[in-house]
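Its first residue numbered 333, the sequence shown is counted upward by one per residue in the numbering used here.
Yeah, the Cβ is synthetic: ideal placement off N, Cα and C, and Gly gets one too.
Take a look at the structure set out below.
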Amino acid sequence: MIEEDRYCLDVVQQISAMNAAAQEVALIVLEDHLRKCVAEAVEGEGREAAIREMIRVLRKTVRA
Numbered sequence: 333m334i335e336e337d338r339y340c341l342d343v344v345q346q347i348s349a350m351n352a353a354a355q356e357v358a359l360i361v362l363e364d365h366l367r368k369c370v371a372e373a374v375e376g377e378g379r380e381a382a383i384r385e386m387i388r389v390l391r392k393t394v395r396a
């Protein structure tokens with residue numbers, strides 16, 4: 333779009349849409365991770381490590 337010299341606001345709108353889509357994908361991946369990996373870790377001895385990992389990832393995701 334930039335190479336095609338498209339209107340700046342059109343470019344910004346597309347970037348915004350891409351960011352929203354990427355954020356949605358990140359949430360889907362996190363949900364899947366919670367349902368599978370974290371659920372298993374909570375049942376076992378890795379509970380605290382799993383919770384710390386999820387907090388770390390969620391902080392990064394929310395800031396993005």
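Query                                                                                                        : Result
Completely contained alpha helix (DSSP H) runs for the segment 337-376, where each covers 4 or more residues : 340-365 and 371-375
Simplified DSSP assignment, three categories, for Met333                                                     : coil
Between the CA atoms of Ala353 and Glu372 - distance to the nearest angstrom                                 : 28 Å
Alpha carbon of Lys392 to alpha carbon of Ser348, nearest angstrom                                           : 18 Å
Rounded separation between Leu362 and Leu341 - CA only                                                       : 31 Å
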